[in-house]
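Sequence positions in the sequence shown follow our numbering and run 11 to 662. Glycine included, C-beta positions come from ideal geometry on N, C-alpha and C. Take a look at the structure set out below.
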Amino acid sequence: MQFRADIEGLRGVAILLVVLAHAGVPGLQGGFIGVDVFFVISGYLITGQLLSELRTRDQIDYWAFFERRVRRLVPALLLMLAVVVPMAALLLPPSVFSDQLSAARWAALWVSNIYFAVADYGYFDHDATSNLFLHTWSLGVEEQFYLLWPAVMAIAWKKGFRSWPFYAGLSACGYLLCVAVSRWDAMAAYYLMPTRLWQLAAGAAAYVATTSRANISRGAGMIGTALVVVSLLLIDESSPYPGMIALLPTLGAVLLVVGGGGNRWLATPPLRFLGKVSYSWYLWHWPFLAILPAMAFGEPTRPQRLALVLVSLLVAWGSCILVEQPLRRRRSITPRLAVVAGVLGALAVTAGLQWSIGVSHLAEQDLAKQESFESRIKARITVPDIYSTPGCDQWYHSSDVVPCRIGTDGGVNGTMVVLADSVGAQWLPALEPLARNRGLDLVVMTKSACLIANVPFVYERIKRRYVECEQWRARAIEVIGKIRPKVLVIGSSGAYPIVATQWRDGTAAVLGSLASPEMELLVLAPTPILPFSAPNCIATRGRERRDGFLDAPDCAAPLKEVEHTDVISALKSATTGVERAHFVDLNDLVCPQGACSASVNGQLAYRDAQHLNASYVQSLSDAVMRRVGPMLTSSKGPKGSTAASSSGRTVN
């Protein structure tokens, strides 16, 4: 094929969007659409190569095709794995390293997209976003496309389907499949090749169209640029993706590759340079950005992210010059031998990683037998008893409301209901003794990752709108109306992808549905979120004193920096004027002296980055009782005393 400088520059734009989005550059949260652009470019170029071969020879040399793919992709990937895996082994705790190894093994086989699509990450587990090899999912999609596409084109050629409407029809059918699967299983739609095939087929249609109708390119580049810009404005990490909106960046990329000579701005030297190193930079940038969070050092600051991005670019440049380009040009062996060598190399790396996984598991078992520091920290992780009761928290798997009762002996003064997500429910070890003290039975209704505010949102873990949360919340409000509790406690995390006004109005809507002159309504402030995993941070940078207490002075963050002040203000505003509603801020108890620490007074305070350890919450129960007890005017204490009433009051 004739070399096109504008497509090389478009590659540069695509990788720049992806890297800047991963680096957290404001306004570019939707830069992950750069992957969609890559898919279109790949479909365009691969179809062009295969179509030229079909027109010349009426058949495809599969060995030669796969040889080109092996030379282009395999060496750089294996180099990245060979460097990052040992680095992770040196820097990460064994339990974290084991999860990374599993993903690396699947990445070496070009099927990590399937691994991330089907991996059963529990709510309290580290999710895929903390994995050093998450970015390799898109490489799996492309490699699986390369295995399928030559056969599709060869069959279509023999059957006479040689015009662009055939490929456009394939893309349209694939798009409908993607939209349908997104509603059923958004994770599968995001990661799997069949639901991404339409974007590669769109690139194929673009190539066939431009070779058959030269005038189609007029003005296409300008419109394509506009569509990509609009996509960046409309799409961010809170958007359900891929879905109907994925058509915008895909169509924009199609028009850009069709634009040809109208895209002179893409052929500028800086963009062409980035395009030349785009594959290597894609491989290297994510491990550099993800290693510090994986080590429990927290998210890098903006200057740190910029430095890491630049260092990864230098490494990518070196990889491109020393590994990628020389092996692409080398022609000392036959295509079959090159393919076999690439496959054997991938299998050898996979076998080595599998052996490493076994060694890692054995090491973990040996360390556990020796009561290693990390295993002793893990042994201190505790969760509220409610999670040991089946059905109490069904996460996104169901919208059923299951009221779970704690202390079934019956409350002489009525019932306290806790309506919360997992962050609100973390306070149960302190609320249970409070309920007993006030003569209240305790009923819990909890759903993980479901905010207690009437606001729809896209849940990033499942990559779609969390409709189960909306249905569950509405049903829970109905159940509470039937229970008619004396006290209702509401609590949520402050990390949901909504703005302060949505917090205020959504919470006010819930309070308006629940408020009653016979019920005290307590709205808990969201707990500060640490910029690191507390157990991992202590394991890597803390120590255990001889008296058994934990000491981790470096594992702390100022309260004022990690507190959700905008959400707190919104919740205060929502409770103002609501009868018998109180906003309760316990963050000064969680973070004494203005510091939120992984360990407080020698004990584990957080069980991850955002959930308090149950034993730590229990240690705060007396302080919580002193803080909240006077507010419970609708229930009598042990001696029948009643506290003074208040309305719309904030307690600190």
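Length of the line joining the Cα atoms of residue i and residue j
{"i": "L61", "j": "A113", "result": "35 Å"}
{"i": "L83", "j": "W120", "result": "10 Å"}
{"i": "K457", "j": "C402", "result": "8 Å"}
{"i": "A605", "j": "N141", "result": "28 Å"}
{"i": "L284", "j": "T278", "result": "10 Å"}
{"i": "V487", "j": "C460", "result": "Position check: residue 487 holds Ile in this sequence, whereas Val was assumed. Distance between the alpha carbons of I487 and C460 is about 14 Å."}
{"i": "A256", "j": "L144", "result": "20 Å"}
{"i": "R555", "j": "V393", "result": "24 Å"}
{"i": "Q110", "j": "G362", "result": "14 Å"}
{"i": "I233", "j": "I56", "result": "24 Å"}
{"i": "F593", "j": "G587", "result": "11 Å"}
{"i": "H574", "j": "A138", "result": "25 Å"}
{"i": "G491", "j": "L524", "result": "7 Å"}
{"i": "V499", "j": "P280", "result": "56 Å"}
{"i": "A118", "j": "I391", "result": "34 Å"}
{"i": "E309", "j": "T585", "result": "33 Å"}
{"i": "A591", "j": "V453", "result": "19 Å"}
{"i": "I25", "j": "Y289", "result": "8 Å"}
{"i": "S526", "j": "E478", "result": "26 Å"}
{"i": "G612", "j": "P602", "result": "13 Å"}
{"i": "L187", "j": "S241", "result": "21 Å"}
{"i": "G639", "j": "P413", "result": "24 Å"}
{"i": "A326", "j": "R282", "result": "15 Å"}
Nonlocal neighbours in the same chain, by C-beta distance under 6 Å from residue i, ignoring five residues either side
{"i": "A263", "result": "V47, V50"}
{"i": "V465", "result": "I508, Q512, G516"}
{"i": "D576", "result": "A510"}
{"i": "P648", "result": "Here the model assigns P648 a pLDDT of 47, short of 50, so the residue's position is not dependable and the matter cannot be decided."}
{"i": "A214", "result": "G53, T57, Y177"}
{"i": "F13", "result": "none"}
{"i": "E152", "result": "S52"}
Beta-carbon spacing of residue i, residue j below 9 Å
{"i": "G522", "j": "V428", "result": "no"}
{"i": "R193", "j": "G253", "result": "yes"}
{"i": "Y406", "j": "R471", "result": "yes"}
{"i": "Y200", "j": "Y251", "result": "yes"}
{"i": "V321", "j": "F298", "result": "yes"}
{"i": "V287", "j": "P259", "result": "no"}
{"i": "L157", "j": "L180", "result": "no"}
{"i": "I578", "j": "P536", "result": "yes"}
{"i": "L202", "j": "N273", "result": "no"}
{"i": "R3", "j": "S432", "result": "What is shown of the chain runs 11 to 662, which leaves residue 3 out entirely."}
{"i": "L614", "j": "A544", "result": "yes"}
{"i": "G355", "j": "L88", "result": "yes"}
{"i": "T425", "j": "V497", "result": "yes"}
{"i": "L27", "j": "I17", "result": "no"}
{"i": "D598", "j": "L569", "result": "yes"}
{"i": "T218", "j": "R172", "result": "One point to set straight first is that residue 218 is Val, not Thr, in the sequence displayed. In contact: V218 and R172 (Cβ atoms closer than 9 Å)."}
{"i": "R637", "j": "L596", "result": "yes"}
{"i": "I245", "j": "G19", "result": "no"}
{"i": "G434", "j": "L316", "result": "no"}
Endpoints, the alpha helix (DSSP H) within which residue i is located
{"i": "R193", "result": "174-194"}
{"i": "R494", "result": "Careful: R494 lies outside any alpha helix (DSSP H) and carries neither H nor E."}
{"i": "S105", "result": "104-118"}
{"i": "V520", "result": "510-524"}
{"i": "E384", "result": "383-389"}
{"i": "S668", "result": "This structure gives no information on residue 668, because the portion of the chain shown stretches from 11 to 662."}
{"i": "C330", "result": "Taken as a continuous stretch (DSSP letters only), C330 belongs to no alpha helix (DSSP H), as it is neither H nor E."}
Residue span of the beta strand (DSSP E) that contains residue i, given as start and end
{"i": "F593", "result": "591-594"}
{"i": "R415", "result": "414-416"}
{"i": "L88", "result": "Looking at the DSSP string, L88 is not in any beta strand (DSSP E); the run it does join, the alpha helix (DSSP H), is 72-101."}
{"i": "M455", "result": "451-456"}
Sequence-distant residues of the same chain with beta carbon closer than 8 Å to residue i, five excluded per side
{"i": "I70", "result": "L60, E63, L64, P160, M163, A164"}
{"i": "V664", "result": "Within the shown structure, residues of the chain are numbered from 11 to 662, placing residue 664 beyond reach of any answer."}
{"i": "V359", "result": "L88, L91, A92, A118"}
{"i": "A182", "result": "W208"}
{"i": "L377", "result": "Legend: pLDDT at L377 = 42, less than 50; position of this residue unreliable, value from coordinates given subsequently. The answer, listed in chain order, is P104, E384, S385."}
Proximal residues to residue i (C-beta, below 7 Å), its chain only, five neighbours per side dropped
{"i": "L519", "result": "One detail in the question is off: residue 519 reads as Ala in this sequence, not Leu. So the list reads N464, once near-sequence residues are dropped."}
{"i": "V319", "result": "V29, A33, H295"}
{"i": "D410", "result": "Q404"}
{"i": "P103", "result": "E384, N546, A549, T550"}
{"i": "Y616", "result": "L540, A544, A608, L622, N623"}
{"i": "A567", "result": "L540, P541, C606"}
{"i": "V191", "result": "A198, A199, T205"}
{"i": "Y125", "result": "A113, W116"}
Contact test: residue i Cβ vs the ligand SAM heavy atom, cutoff 8 Å
{"i": "K169", "result": "With respect to the ligand SAM, the structure shown offers nothing to examine, as it has no ligands at all."}
Discussion item. I'd like to know if the segment 555-565 and the segment 625-640 are in contact, where contact means that at least 3 CB-CB pairs between them fall below 8 Å.
Written reply: no
Discussion item. Using a Cβ distance threshold of 8 Å, determine whether the segment 82-100 contacts the segment 296-311, with at least three qualifying pairs required.
Written reply: yes
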